[in-house]
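Asker: Encoded as structure tokens, here's the structure I'll be asking about.
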Amino acid sequence: MITVLTAFCIFVSVQTSGFDDLRVQAVKYKENVTIKCEQSFVKGHKHYLAWYKQSFGKLPQFIARAAKHNEDARYARPFVERFRLTATEETFDLKIMNTVEEDTGTYFCVKVKEYVTEFGSGILLLFPDEKSEKRNLTEVDVKSGESVTLQCSVAPLSCSGDHSVYWFRHGSGEPHPGIIYTRGDTDSRCTRSSETDSPTQSCVYKLPKRNLSLSDAGTYYCAVAACGQMLFGSGTNLCIKGDNSQTVIALATSNVITVIVTVILAVLLLKNQWKGSFNDHPNHTNQVANTDALNYAALNFAMKPRPFRTSRVKECQDIYSQVKVQ
């Protein structure tokens, strides 16, 4: 069996999907939990789907695989008793019954297609420790574009050995907190700090955040994973305030543009009204008579001859009339 798995890893290429963040799912001991694969990742698949688990500091471990409708479902030996698959056309869920401490880890939904294995989104399954510090959130107010260093204090672990530090951010309106990968940016060293309100010492971890924007607002907290445990620390509520000067400039600019457009429209409207009034009243100069264009007509009226006259005298009278030509 080991030889077959070794050959599988050699000849199968691995790809990652477009999912950026891990989802966090908290559960209590001895409870049942269902881990769901992204619907967009499952829908339309034509080959096998599988689940893998990666424990802290270990390589991914195969759990189970199945085709549609749970056809040809196969489980790895350590997961036969308490793990069950539910596969449909659009879902591929993994149910864990009677959870134990060893179930802590990151679970990946995997799509197997010929010689390509594509990893989908991951779900970090956590068991919050009862010893985690229960404190009020620290409020931090900063302006957009500024930088800040967040601090998180965690009670020291009882076990020795390597440990992993995780930073989480829970934004407003988000259903689940997301993991922040801060490799190289996080000071993961345990800095002992004496607390005046606590007789014990705690480890303080720092997270620098630079050039903040409104999207960085949310609740930040850390957690330390070691010896199969996850210990949560204190939280910080980061509030980002926008730059008021930029807002004022934007409003002033919009007001100036509005005034200019209004003036232009008013001028055009008055111009159109003036043209309409000019067309309705013709130019009076065209109606003035042109004295140079007068025509004279001579009218000859013949008088009726007088009775009882022997001599017929013809009298003529000329009458002139002015005719106006337009």
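In mature numbering (1 follows the signal peptide of the UniProt record, and there is no 0), the protein residues as written are -16 to -1, 1 to 310. In this text, a Cβ means the ideal position worked out from N, Cα and C, and glycines have one as well. Quick caveat: nothing in here was measured; it's all calculated off a predicted structure.
Could you tell me the alpha carbon to alpha carbon distance between K190 and S199, rounded to whole angstroms?
Answerer: Within the sequence shown, residue 190 is the residue found at index 206, counting from 1. Within the sequence shown, residue 199 is the residue found at index 215, counting from 1. Rounded to the nearest angstrom, the two C-alpha atoms are 20 Å apart.
Asker: Rounded to a whole number of angstroms, what is the C-alpha to C-alpha distance between Y59 and A48?
Answerer: Here residue 59 refers to the residue found at position 75 of the sequence shown. Here residue 48 refers to the residue found at position 64 of the sequence shown. Computed Cα separation, rounded: 4 Å.
Asker: Closer than 7 Å: is that where the CB of T18 sits relative to any heavy atom of the ligand ADP?
Answerer: Among the components of this structure there are no ligands whatsoever, and the ligand ADP is therefore not found.
Asker: Compute the distance between the beta-carbons of V94 and A34, then report whether it is under 8 Å.
Answerer: The count along the sequence shown starts at 1 and reaches residue 94 at position 110. The count along the sequence shown starts at 1 and reaches residue 34 at position 50. Cβ atoms of V94 and A34: closer than 8 Å.
Asker: Compare the Cα-Cα distances from G106 to each of L78, H154 and S128 and report the closest residue.
Answerer: Here residue 106 corresponds to residue number 122 of the sequence shown, with the count starting at 1. When only C-alpha atoms are compared, the closest one is L78.
Asker: Hey, residue 321 and E85: beta-carbon distance below 8 Å or not?
Answerer: Lying before the first or after the last residue shown, residue 321 is absent from the chain, which here runs from -16 to 310.
Asker: Expressed to the nearest angstrom, what Euclidean distance is found between the alpha-carbon atoms of Q135 and I164?
Answerer: As a first step, residue 135 is located in the sequence shown; it is residue number 151 there, counting from the start. As a first step, residue 164 is located in the sequence shown; it is residue number 180 there, counting from the start. Roughly 14 Å separates the two Cα atoms.
Asker: Could you tell me whether the Cβ atoms of V17 and V8 are closer together than 8 Å?
Answerer: For the purposes of this step, residue 17 is taken as the residue at position 33 of the sequence shown. For the purposes of this step, residue 8 is taken as the residue at position 24 of the sequence shown. Cβ distance not < 8 Å, so V17 and V8 don't count as in contact.
Asker: In angstroms with no decimal places, state the Cα-to-Cα distance between E15 and F46.
Answerer: Along the sequence shown, one-based indexing puts residue 15 at 31. Along the sequence shown, one-based indexing puts residue 46 at 62. If you take the alpha carbons of E15 and F46, they lie about 22 Å apart.
Asker: Measuring only the C-alpha atoms, how far is M214 from I233?
Answerer: Against the sequence shown, residue 214 aligns to sequence position 230. Against the sequence shown, residue 233 aligns to sequence position 249. Cα to Cα, M214 sits roughly 48 Å from I233.
Asker: Let me check understanding here. Comparing Cα to Cα, which of K97, M81, L196 and F216 lies closest to S186?
Answerer: Position 202 of the sequence shown, counting from 1, holds the residue named residue 186. Checking every option, the nearest Cα to that of S186 belongs to F216.
Asker: For F111, does the three-state DSSP call read helix, strand or coil?
Answerer: The sequence position of residue 111 within the sequence shown is 127, counting from 1. In this structure, F111 counts as coil in the three-state DSSP scheme.
Asker: For the putative contact between S156 and G202, defined by C-beta atoms under 8 Å, what is the C-beta separation to the nearest angstrom?
Answerer: On the sequence shown, residue 156 is found 172 positions in, with the first residue counted as 1. On the sequence shown, residue 202 is found 218 positions in, with the first residue counted as 1. Between G202 and S156 the Cβ distance is about 7 Å, and since that is below 8 Å, they are a contact.
Asker: Excluding the 5 residues preceding and the 5 following S131 in the sequence, name in chain order all residues of the same chain whose CB lies nearer than 8 Å to its CB.
Answerer: Mapped onto the sequence shown, residue 131 falls at position 147. Here the set comprises P192, K193, R194, N195 and L196.
Asker: Whose C-beta lies closer than 7 Å to the C-beta of E74 among residues of the same chain, with five residues either side of it excluded?
Answerer: As a first step, residue 74 is located in the sequence shown; it is residue number 90 there, counting from the start. Within the same chain, E74 has close Cβ partners Q23, V26 and K27.
Asker: Of all the options L109, S128 and D125, which has the alpha carbon lying nearest to the alpha carbon of Y91?
Answerer: Within the sequence shown, the letter at position 107 stands for residue 91. For Y91, the nearest C-alpha among the options comes from L109.
Asker: Check the C-beta distance from S128 over to I224 and give it rounded, since I have them as a contact under 8 Å.
Answerer: By 1-based counting over the sequence shown, the position of residue 128 is 144. By 1-based counting over the sequence shown, the position of residue 224 is 240. S128 to I224, Cβ: 6 Å. Contact.
Asker: Apply the 10 Å Cβ neighbour rule to A207 and answer buried if 16 or more other Cβ atoms are within range, or exposed otherwise.
Answerer: Indexing the sequence shown from 1 puts residue 207 at position 223. Per the 10 Å Cβ criterion, buried.
Asker: Ends of the beta strand (DSSP E) at S137?
Answerer: The count along the sequence shown starts at 1 and reaches residue 137 at position 153. S137 -> beta strand (DSSP E) spans V132 to V138.
Asker: Are there 16 or more other CB atoms within 10 angstroms of the CB of S218, so buried, or fewer, so exposed?
Answerer: Here residue 218 corresponds to residue number 234 of the sequence shown, with the count starting at 1. So S218 ends up on the buried side.
Asker: Given this structure, state the Cα-to-Cα distance separating D169 from C21, to the nearest angstrom.
Answerer: Against the sequence shown, residue 169 aligns to sequence position 185. Against the sequence shown, residue 21 aligns to sequence position 37. Model confidence at D169 stands at a pLDDT of 46, short of 50, so the residue's coordinates are unreliable; what they give is reported in the following sentence. Taking the straight line from one Cα to the other gives about 30 Å.
Asker: How many whole angstroms separate the CB atoms of N221 and E123, which I take to be in contact at a CB cut-off of 8 Å?
Answerer: What you label residue 221 is simply residue 237 of the sequence shown in a count that begins at 1. What you label residue 123 is simply residue 139 of the sequence shown in a count that begins at 1. The Cβ separation is near 5 Å, so the contact holds.
Asker: In whole angstroms, what separates the C-alpha of K259 from that of T242?
Answerer: As a first step, residue 259 is located in the sequence shown; it is residue number 275 there, counting from the start. As a first step, residue 242 is located in the sequence shown; it is residue number 258 there, counting from the start. One C-alpha to the other measures close to 26 Å.
Asker: Under three-state DSSP, which class holds D87?
Answerer: One-based indexing of the sequence shown puts residue 87 at position 103. D87: helix per DSSP, three-state reduction.
Asker: Excluding five sequence neighbours on each side, which residues of the same chain lie with their C-beta closer than 7 Å to the C-beta of F40?
Answerer: Sequence index remark: in the sequence shown, residue 40 carries index 56 (1-based). Taken in chain order, the residues that qualify are G89, S148 and A209.
Asker: Buried or exposed for R153, going by 16 or more other Cβ atoms inside 10 Å?
Answerer: By 1-based counting over the sequence shown, the position of residue 153 is 169. Per the 10 Å Cβ criterion, buried.
Asker: What did DSSP end up calling R49 once you bin it into helix, strand or coil?
Answerer: For the purposes of this step, residue 49 is identified with residue 65 of the sequence shown, where counting begins at 1. If DSSP states are grouped into helix, strand and coil, R49 belongs with the strands.
Asker: Flag this pair as yes or no: are the beta carbons of Y32 and V96 separated by less than 8 Å?
Answerer: In the sequence shown, the residue the question calls residue 32 occupies position 48. In the sequence shown, the residue the question calls residue 96 occupies position 112. Taking 8 Å as the Cβ cut-off, Y32 and V96 qualify as a contacting pair.
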